[in-house]
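Asks:
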Amino acid sequence: SGLAKQYKLDQVSATGISLASFLILTVFSEGTLAISDLGAGALFMGLFVSILSVEITRFVRAKNWVIKLPASVPENIANSFSALIPALVVFLVFNGVRIVFELTSYGSFGSFVFAIVQYPLMKLGSSIWAIVIFIFAEMLMWSFGIHGSSVVGAVTTAFLTALTAENAAAVAAGQLPSNIINTQFLAN
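Counting in our numbering, the sequence shown runs from 25 upward without gaps.
Written out as structure tokens, the structure is:
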């Protein structure tokens, strides 16, 4: 919704389109959505989908492919109608992406994102040296008057939260947590 606000798009429509796009790419088995598919593994997929859906919506609106209603129509109704064609384009794009990834060895877009982006970042960021670099970068930014915690946190939060979620899943399964480096490690 922040990106939609920056582009001066209707935030409610952009959020709804992003959520629906995420659900289009999410794997449903036997007609149901597994809660495990909404955990840490879906974090990066959600980020990618939300950014791409807003960018596609912006592109479609820039081409003026929208339903225009007279000025006498209330603004909230006009916004709903003007979001229909961009939503259709976004849904068609993400449905095409879903179909293509179902034909690959990954089986889904979420599995692809996890294997190619999220898992390597989690392993890279779960070392003590990565944390030392993050803290050094944070302190360096503070020395120049930049809020280092906000800048570094924007990068580290996604994979450290995923590592914390992996620990929570392990404990729930009766196993020992395996990730020493996680959100709590950096926060304390």
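For every residue, glycine included, the Cβ atom is placed at its ideal position computed from N, Cα and C.
1) Counting along the chain, where does the alpha helix (DSSP H) carrying Ala66 start and finish?
2) On a Cα-Cα basis, can you pick out the residue from Ser37, Ser77, Val137 that is closest to Asn119?
3) Is Val113 closer than 8 Å to Val84 when the C-beta atoms are compared?
4) Specify the secondary structure class of Ser53 as computed by DSSP and reduced to three states.
5) With burial defined as no fewer than 16 other Cβ atoms inside 10 Å of the residue's Cβ, what is the status of Gly131: buried or exposed?
6) Please list the terminal residues of the continuous alpha helix (DSSP H) segment that includes Thr188.
7) Ser202 and Ala194 look like a contact to me (Cβ under 8 Å); what is the Cβ gap, rounded to whole Å?
8) List in chain order: all unbroken alpha helix (DSSP H) runs of 4+ residues lying wholly within the stretch 85-169.
Replies: Let me spell this out:
1) Within the sequence shown, residue 66 is the residue found at index 42, counting from 1. Neither: Ala66 is in no alpha helix (DSSP H) and is coded neither H nor E.
2) Here residue 119 corresponds to residue number 95 of the sequence shown, with the count starting at 1. Considering only alpha carbons, the answer is Ser77.
3) Residue numbering aside, residue 84 sits at position 60 when the sequence shown is read from its first letter. Residue numbering aside, residue 113 sits at position 89 when the sequence shown is read from its first letter. Contact: yes.
4) Numbered from 1 along the sequence shown, position 29 holds the residue referred to as residue 53. In the structure shown, Ser53 sits in a strand (DSSP, three-state: E or B).
5) Locating residue 131 in the sequence shown gives position 107, counting from the first residue. When all chains shown are included, Gly131 counts as exposed.
6) Here residue 188 refers to the residue found at position 164 when the sequence shown is read from its first residue. It spans 172-196 - the alpha helix (DSSP H) in which Thr188 sits, taken as one unbroken run.
7) To locate residue 202, count along the sequence shown from 1; it is residue 178. To locate residue 194, count along the sequence shown from 1; it is residue 170. Indeed they touch by this definition, with Cβ atoms about 6 Å apart.
8) 99-106, 108-126, 133-137, 143-149, 152-167
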